[in-house]
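Residue numbers (full-length UniProt numbering): 1 to 120. Heads up, the beta-carbon is just placed ideally off N, CA and C, and yes, glycines get one too. None of these values were measured; they are calculated from a predicted model. To start, the structure under review is shown below, and the notes come after it.
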Amino acid sequence: LVEAAAGLLDADDPTAAVRRESAEELGVTLGPLTRVLAAYMSPGSVTERLHFFAAPYTPADRTGPGGGLEEDGEDIEVLEVPFTEALAMTRDGRIADGKTVLLLQWAALDGPFAPGAGGA
Numbered sequence: 001l002v003e004a005a006a007g008l009l010d011a012d013d014p015t016a017a018v019r020r021e022s023a024e025e026l027g028v029t030l031g032p033l034t035r036v037l038a039a040y041m042s043p044g045s046v047t048e049r050l051h052f053f054a055a056p057y058t059p060a061d062r063t064g065p066g067g068g069l070e071e072d073g074e075d076i077e078v079l080e081v082p083f084t085e086a087l088a089m090t091r092d093g094r095i096a097d098g099k100t101v102l103l104l105q106w107a108a109l110d111g112p113f114a115p116g117a118g119g120a
């Protein structure tokens with residue numbers, strides 16, 4: 001399953017959790033965060049509220065190997081995919097995770113890859 005980095009809040013606030021999960025899963029120390037939105041993915045059956053963030057990064061922001069924590073049973077393969085390919089992956093089903101699709105749509109419509117944003 002291809003998905004954006006994610007994790008439980010535990011006792012952290014959402015921004016601290018996003019920074020922790022990015023370091024553990026991706027091996028990246030993030031700079032400024034953009035809060036994208038908070039949403040309930042399936043409120044009829046789950047009360048979990050998800051917090052979505054985006055942040056730029058460069059190769060210099062890599063501070064570890066990523067891959068998750070062995071003690072948590074994580075074995076994560078880090079993928080970096082060009083944005084247009086990632087969008088194509090949502091259309092052909094290679095990316096089917098709702099969180100990831102939502103973030104890619106935000107990036108295309110209102111985020112760094114939106115028309116006029118200069119990221120495409």
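(message) For the pair the segment 102 to 120 and the segment 42 to 60, tell me if three or more CB-CB distances fall below 8 Å.
(response) Using a C-beta cut-off of 8 Å, the segment 102 to 120 makes contact with the segment 42 to 60, since at least three inter-stretch Cβ pairs fall below that distance.
(request) Pull up the distance between the alpha-carbon of T90 and that of V2, whole angstroms please. (result) Residue 90 sits at position 90 when you count from the first residue of the sequence shown. Residue 2 sits at position 2 when you count from the first residue of the sequence shown. Taking the CA atoms as reference points, T90 sits about 10 Å from V2.
(message) Which residues does DSSP list as the beta-bridge partners of T34?
(response) As a position in the sequence shown, residue 34 is number 34, starting the count at 1. Note: T34 sits in a beta bridge opposite A54.
(request) Determine the direct distance from the alpha carbon of D110 to that of A11, and round the result to whole angstroms. (result) Counting from one through the sequence shown, the residue named residue 11 turns up at place 11. Counting from one through the sequence shown, the residue named residue 110 turns up at place 110. Taking the straight line from one Cα to the other gives about 30 Å.
(request) Taking the CB atoms as reference points, tell me whether D72 and G31 lie closer together than 9 Å. (result) Position 72 of the sequence shown holds residue 72. Position 31 of the sequence shown holds residue 31. It is not a contact, given that the beta carbons lie outside the stated cut-off.
(message) Could you tell me the alpha carbon to alpha carbon distance between E24 and G66, rounded to whole angstroms?
(response) If you number the sequence shown from 1, residue 24 lands on position 24. If you number the sequence shown from 1, residue 66 lands on position 66. One Cα belongs to E24, the other to G66, and the distance between them is close to 5 Å.
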